[in-house]
Structure formats: C-alpha cells, structure tokens
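Chains as they are written, first to last, in full-length UniProt numbering: chain A, 1 to 138; chain B, 1 to 404. A virtual CB, placed ideally from N, CA and C, is assigned to each residue, including glycine. None of these values were measured; they are calculated from a predicted model. Structure first, commentary second.
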C-alpha cells in the first residue's frame, strides 16, 4: 500500500514520542485499541489548571504507519489547545490531513478516542464528571 | 554500491538465472514450433528441447523422464495430483490426509474434494511445524487413498519427515504425494529413495521462469494414474492437455540442471548466511524463530519480534523486500494461518518477518539487512506502549483493552 508523504513523515520523524507521569493530577492518559487487533495507542496530555490549556502531549503507539502518524499528528494539534478545543477534534480532520485511505480510517478513530479518553481521565482525576462520548463511528 | 531495496523474498519467487534465460532465448525466437507438430522440423526441434528438459528435470529428482507431466506451475500440479487421484481411485476409497500448514493450493483443493463428497483429515502440527507420525498412523483408514504432505513449508521452511510419512501411507495401501515447491532445487529430493508417488513443483522457485511447473507421477511400483483435469489434445500421456510452453519448459530444464550441479554449494553458503542473519536478529530481546531450526530448508528463516506491529515493521524495513506473517491488506487483520497452526498468538504472528535468501544474495546485503531490521525494531519498540509496559513488568494479558 502506498502511504502519503505526510504519513511517511510522521512515521519517520514522529513528534512527541514519550511518557508523562500518569500519577500527576494534571496529566490525563488515554489507552485505546488491543494488541490482537494490531493497534494500541496511548495518548497523554498535561493541562494547566488555571488556563485549562494543554501544555504538553505525548504518545506511544503500537501499530501500522497510519496509526503512528495519526497519534503523532494528534499530539501536535493538542499542544496549546484548551481542553474544550481538543474535545472538538474530529477524526475526519486527521483523515484529511494525512490523506488516509478508507481502510485506515480506524486509525484516526483510535486517535480521536484516545484524545477523549485522556481528557476524561484528567476530568475524573480533578473531580469533574466524565463526559458521555459519542460512539457513532464504531 | 549496494542497490536498494534488497530482495529477500525468494520463497515467493526467485529471479531468473541469466544462464536459464540464455537457454530459453532460441525457443522464444527461431525455435517457435509446437512440440506436438510431428510433421515438420519446427515441431521436431521444439520436441527435442522439451525432451532434453524432461531429462534434466528427471535427473534432479531421480525419476524417469516419462514420469514428468508439465503443468503451468505448482498450483496446477497440486490440483491435478489431488483431484486426479480422487477421481481415478474413487472405487478404492474417498479419504485424503493432509496437514493444516499446507499451501492454499492443497488446502483449497481438499476443500473442493470435501464438496464433492470426499473426506479429508487435516493433521495439526506441533510448535516446530512438524506433523506427528503417530497421529498420521491413527488417521489412516481402509478408505484412505492419498496422503499429501508438503516437503518444505513456504513460510517457515520446516521440512517434514517425508520418508517416514511415505512409509506409513504405503503400509496402509495409500499413495503418497508431496508439494515439493519450496524443496526441489534447494535440498536433495529423490522420489525413489523418499517413496514419493506424486510431487508438484515449479520452475520459478529455483531461478527458472514463471508459468511452468511439473507433476511427477510414478509409473512403476506402483503405477500411478491421475484423471485429467484439463481435456483436449491428450498431451502429457493424456494427463494434461494443452500446447506445451516450450521456452518455459526449456528454462525449467536448465534451472534443474543448474540446481543439480550447484545446490550443495548454494545450500552450504546460504545456510551460513541465514544462520548469521538469524543469530544477529535474535540478539534483539523478545525475538523468536518460528518453526523447526533442526529440520528446515537452508535459505529461509521466519522471526517474530514481540511488541512490534507487523505492518509498522514492514514500513520500517522499507529497504528490504520481505514477507510478513500479517496480511494487512484490509481493515480486518488476518494473521498467517501457518504461524497460528504452530501455536503462535495473533500478535506474535502479526509481528513476524520471513527472510528468503537466494543464489544471488550477498554477504553485504545480509549485513545491511541485519542493521536495518535491528534499527527498525528498536525504533518501533521505543514508540510502543506495549514494550514500555513489558519493560515495567506489566502482564499485558491482565489489561482490559478498549477493543474496537
């Protein structure tokens, strides 16, 4: 399968690979996918409580080039966004930016889910109720 | 200067040996006759080329030239052997025994036989990829007409105990067939000494051209017959009609002659190179060789790298042309059924690479491949949350995954 230049770029030079301290109250962690499905994505955000802004984002992904690129791109987009802005990220934006083929759309869905799961983890840690997440694309 | 990408997928197909092409050239130009034309020199010349090739092929596997039935390749040979025996021996029985790790050309043909009312036993294999002789013996019935077990496996290179299997089949009055596609031309295959009654094999796995293969059909002790699956002019002693692919057959013959003369030296050199590749890659933690390391073809190894996803790995080793145990062409991932039959979990099957070396593989290419794979695996593991968890001592089987 031919990958787009952007997928190849993110795969070859992934942005923000790493780990944040998940025990910190300001860090939210999302872990989605399963090893037997061939994709596991872990996405973490660090939030400035006073401004509600994401100051750092890190990922680690086990998966194909498109899954790695989707999560790498997601961390780039998350940095500097408010939590509410981050919640509005739609998987189709990732599909468009990376020119993912139809069989790889699930990679972008995973990235969106990981973002929402990380935000919910942060919310629950800080005494906020978890948001009801739409599951329409599953 | 090393040319990239490096071709290490020689179990899929091999390049044509220039000496084979040279032998074929006249038959693609001046000697264009139909080998079945008996009335003029054009036909005679073509027939002479075919007869010579038949002799070259028979010398490689130690049979009589008349026992070679030309086909379009090993898939057709497998079809003709299995379906042809099933039809020809239907009075005697309707049971066939094969194994779960066979090539699709055998497995799907056996499924077809089941649709026709035949019974098929699919023997399991152990973690080495070997069938159990006791289980084979126990599966034999008075209705068993054919045992078909491949010589060397295409994904792992595992070589089955062919002589022992043949002896058990014969003891119970059944014929023994083998898919010799990966083995012929790579290791000594002697149909007489091995007790093989039918064998499918092909030219393009041994530096010959694509589109030509053969089915060996024994003529003596016992005399084996197969019902033709292709009706027409009655070529190949009535077992396979169709105008012979003369240039292909001539190339097949030359490839077999070269194999007979050079196989031993090739095998010695390639097994050393393969062992070097394998030893280096096994220095990576959590990497495993799939299949038997004792009973196998000299030029192939199949290695799984745990905590690395197969498709990502394929992308990481872009300078190598290799095969993966993962068929990631669609959204639904299908791990290799051969590796799963060995007992591998889906994720370990997905994260495997098959390296197939050839007569043309060089030391420099293998040195490059070693570094390239090591770098890719290391980089992907640094990126893998599973690797991090493994390193922290987390048991991945205890995690509740948010599955899709």
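- If the five residues before and after residue 114/B are omitted, its C-beta is found closer than 6 angstroms to the C-beta atoms of 120, all from its own chain and listed in chain order.
- Rounded to whole angstroms, the gap between the alpha carbons of residue 368/B and residue 56/A is 38 angstroms.
- Along the segment 90 to 104 of chain A, going in chain order, the ones with a CB nearer than 7 angstroms to a CB of chain B are 103.
- If you compare the alpha carbons of 116/A, 77/A, 73/A, 84/A with that of residue 99/A, the shortest gap goes to 73/A.
- Of all alpha-carbon atoms in 161/B, 51/B, 156/B, the one lying nearest the alpha-carbon of residue 352/B is that of 156/B.
- DSSP places residue 383/B in no beta strand (DSSP E); its state is neither H nor E.
- By the Cβ test, the segment 62 to 69 of chain B is not in contact with the segment 160 to 167 of chain B, since fewer than three Cβ pairs between them sit closer than 8 angstroms.
- Residues of chain A with a Cβ closer than 8 angstroms to the Cβ of residue 385/B are, in chain order, 31, 40, 41, 42, 60, 61, 62.
- For residue 2/A, no Cβ of chain B is located within less than 7 angstroms of the residue's own Cβ.
- Residue burial annotation: residue 375/B is exposed, with fewer than 16 other C-beta atoms found within 10 angstroms of its C-beta.
- Pairwise C-beta distances place the segment 90 to 102 of chain B in contact with the segment 139 to 152 of chain B, as three or more of them are shorter than 8 angstroms.
- With a cutoff of 7 angstroms on beta-carbon distance, residue 247/B and residue 24/B are scored as near each other.
- Within the segment 346 to 369 of chain B, the residues whose Cβ lies closer than 7 angstroms to any Cβ of chain A are, in chain order, 346, 347, 350.
- Comparing alpha-carbon positions, the option among 28/A, 41/A, 24/A lying closest to residue 307/B turns out to be 41/A.
- At a C-beta separation below 8 angstroms, residue 14/A has these neighbours in chain B: 383.
- At the C-beta level, residue 206/B and residue 180/B stay beyond 7 angstroms of one another.
- Separation of residue 216/B and residue 195/B (C-alpha to C-alpha, rounded to the nearest whole angstrom) is 12 angstroms.
- The segment 32 to 52 of chain B makes contact with the segment 240 to 254 of chain B; the number of CB pairs closer than 8 angstroms reaches 3 or more.
- Chain B places a beta carbon closer than 7 angstroms to that of residue 65/A, counting this residue as a contact.
- Remark: three or more beta-carbon pairs, one from each stretch, lie closer than 8 angstroms, so the segment 56 to 67 of chain A and the segment 309 to 317 of chain B are flagged as touching.
- Between residue 45/A and residue 118/A, the C-beta spacing is below 7 angstroms.
- At least 7 angstroms separates the beta-carbon of residue 30/A from that of residue 20/A.
- Where residue 86/B is concerned, the enclosing alpha helix (DSSP H) starts and stops at 74 to 88.
- Apart from sequence neighbours up to five positions away, the residues of its chain that approach residue 87/B with a beta-carbon distance below 7 angstroms are 227, ordered along the chain.
- One Cα belongs to residue 256/B, the other to residue 11/B, and the distance between them is close to 17 angstroms.
- Annotation for residue 20/B: the continuous alpha helix (DSSP H) segment containing it runs 18 to 28.
- Neighbourhood of residue 396/B in chain A, by CB distance below 8 angstroms: 35, in chain order.
- Nothing from the segment 70 to 83 of chain A brings a Cβ to less than 7 angstroms from some Cβ of chain B.
- Inside the segment 174 to 213 of chain B, DSSP marks whole beta strand (DSSP E) runs of 3 or more residues at positions 175 to 179, 198 to 202, from first to last along the chain.
- Contacts between residue 68/A and chain B, judged by CB atoms closer than 7 angstroms, involve 312, 383 in chain order.
- In the three-state scheme derived from DSSP, where H, G and I count as helix and E and B as strand, residue 52/B is classed as helix.
- Residue 304/B and residue 285/B have their C-alpha atoms some 11 angstroms from each other.
- Sequence-distant partners of residue 26/A (beyond 5 residues in either direction) whose C-beta falls short of 7 angstroms from its own C-beta, in its chain, are 46, 47, 49.
- Taking a Cβ-Cβ cut-off of 8 angstroms, the neighbours of residue 17/A in chain B comprise 382, 383, given in sequence order.
- Chain A has no Cβ within less than 7 angstroms of the Cβ of residue 12/B.
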